[in-house]
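Everything in the sequence shown is counted per the numbering used here, starting at 2 for the first residue and increasing by one. Cβ coordinates follow ideal geometry from the N, Cα and C atoms, glycine included. Note that the structure is a prediction, hence the values are computed from the model and not measured. Everything on this sheet refers to the single structure shown next.
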Amino acid sequence: MSFAEKLDNVVNRFEELQALLSSGDLSSNDLVKMNKELAKLSPIVEGVNEYKKALSEKEDAELMLEDTSLDKDMKDMISEELREIKDKLPALEKQVKILLLPKDDADDKNAILEVRAGTGGDEAALFAADLFRMYERYASTKGWRFEVLDVNENDLGGYKEASASITGSDVFAKLKFESGAHRVQRVPETESQGRVHTSAATVAVLPEAEDVDIEINTSDLRIDTYRASGAGGQHVNKTDSAIRITHIPTNTVVQCQDGRSQHKNKEKAMKMLRAKLYETERLNKDAAYAESRKSQVGSGDRSERIRTYNFPQGRCSDHRINLTLYKLEDIMQGIGLDEVIEALITEDQAAKLAELG
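Below, the structure written as structure tokens:
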């Protein structure tokens with residue numbers, strides 16, 4: 002199928018959906034599905050229309066230049082307009098091709114963020130806490146809601162592990178390349194001789210699943226309650242409000258002890274469990290997905306070292322795309338993270354476009 006045919010198909014489907022929705026003869030399920038599809042097609046059609054308009058303007062200008070009745074000044078003006086149109090056409094075509102790229106169905110979902118301390122003892126836990134706060138600040142810059150699900154602190158205020166639900170527009174699409182091992186190089190607070198140490202923390206970003214995405218049988222669950230523990234403060238209480246849920250068929254375990262309410266902790270734990278089971282099912286169902294990851298900037302594997310944060314040099318390096326920015330303070334504050342994330346998305350799009358030829 003040619004590029005022009007693909008564009009026509011998109012526009013035709015968009016118009017077909019508009020006609021079906023205006024007919025009013027639809028079930029509630031069809032109505033929801035079609036409105037979702039229409040919303041996804043809308044920005045693509047806008048890009049297609051802008052591209053087609055530029056092509057039409059180019060053809061009109063070329064025809065006018067063939068008109069022998071026009072004087073030199075008029076032809077010079079048309080030639081200038083034609084140059085401007087030709088200059089912007091490649092960018093418009095690339096934009097449309099990006100819009101036409103197959104989308105991960107999970108891209109428009111909310112996300113579950115998990116951060117865990119890796120090698121490095123207390124310093125790794127402190128770094129994990131710094132990463133967790135970095136994502137919280139980044140979420141704030143995007144207008145997203147960041148809800149802490151569970152935090153397991155050490156005595157120094159570091160996080161052995163922490164998780165959060167992030168809700169907003171295109172959360173998973175923005176954060177999905179953050180999964181992997183993050184390495185830090187700095188002088189730890191516990192270091193008395195000023196030596197730089199290397200520690201690590203792992204990040205996992207999972208698409209948040211709805212009830213309709215994944216079905217969980219209550220008979221497959223083992224739910225345990227226990228008393229919350231930690232370094233003190235809000236994460237410790239005197240009742241058995243902490244929840245641990247085990248999905249027996251897959252041996253997937255989640256826990257939540259952040260709130261004082263057992264009921265709310267159970268809700269949060271179920272949210273994490275759905276996300277983990279949905280991600281496993283999503284990857285297993287699509288055999289081609291694992292193969293396609295080879296062309297993307299990251300596999301999402303926690304063991305893959307993706308980024309180094311070097312504090313003495315104020316440097317942040319993403320190893321997948323050879324990107325180095327000397328804006329570490331801004332990145333850790335969340336305000337500079339967007340530059341890294343957008344570079345990752347651009348690189349992923351470029352790889353997919355190259356595959357399509």
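Item: Best match in 34, 5, 6 for proximity to residue 1 [C-alpha to C-alpha]; Value: There is no way to answer for residue 1, as the model of the chain reaches only from 2 to 358.
Item: Coil, strand or helix - residue 318 by DSSP; Value: strand
Item: Beta-ladder partner(s) of residue 147, from DSSP; Value: 167
Item: Per DSSP, the bridge partner or partners of residue 186; Value: 199, 311
Item: Where residue 103 falls, given that 16 or more other Cβ within 10 Å makes a residue buried; Value: exposed
Item: Where residue 1 falls: helix, strand or coil (DSSP); Value: For residue 1 there is no data in the structure shown, the boundaries of the chain being 2 and 358.
Item: Residue 177 vs residue 112 beta-carbon contact at 9 Å; Value: yes
Item: Residue 115, enclosing beta strand (DSSP E) - first and last residue; Value: 112 to 118
Item: Stretch-stretch touch, CB-based, cutoff 8 Å, three pairs: the stretch 192 to 212 with the stretch 117 to 126; Value: yes
Item: Cα-Cα separation, residue 223 to residue 252; Value: 10 Å
Item: Selected residue, minimal CA-CA separation from residue 190, among 179, 264, 158; Value: 158
Item: Buried versus exposed call for residue 166 [16 or more other C-beta atoms within 10 Å across all chains shown]; Value: buried
Item: Classification of residue 256 by the beta-carbon crowding that lies within 10 angstroms, buried from 16 upward; Value: buried
Item: Inter-residue Cα distance where the pair is residue 50 and residue 346; Value: 24 Å
Item: Per DSSP, the bridge partner or partners of residue 219; Value: The partner list for residue 219 (beta bridge, DSSP) is empty, contrary to what the question assumes.
Item: Nearest-angstrom Cβ-Cβ length linking residue 259 and residue 149, presumed shorter than 8 Å; Value: 5 Å
Item: Cutoff 6 Å; reference residue 355; Cβ partners in own chain excluding five residues on either side; Value: none
Item: Euclidean distance between Cα positions of residue 211 and residue 78; Value: 57 Å
Item: Residues that DSSP places opposite residue 205 in a beta bridge; Value: 115
Item: Identity of the residue in 139, 324, 242, 320 nearest residue 339 by Cα; Value: 139
Item: Bridge-paired residues (DSSP) for residue 64; Value: BP columns for residue 64 are empty, so no partner.
Item: First through last residue of the alpha helix (DSSP H) which encompasses residue 93; Value: 73 to 101
Item: Buried versus exposed call for residue 208 [16 or more other C-beta atoms within 10 Å across all chains shown]; Value: buried
Item: Extent of the continuous alpha helix (DSSP H) run through residue 5; Value: 4 to 24
Item: Own chain residues within Cβ distance below 6 Å of residue 314, not counting five before or after; Value: none
Item: Counterpart residues of residue 245 in DSSP-defined beta bridges; Value: 225, 256
Item: Minimum C-alpha distance to residue 59 - residue among 82, 38, 43, 37; Value: 82
Item: 6 Å CB neighbourhood of residue 110 in its chain, flanking five on each side removed; Value: 173, 208, 209
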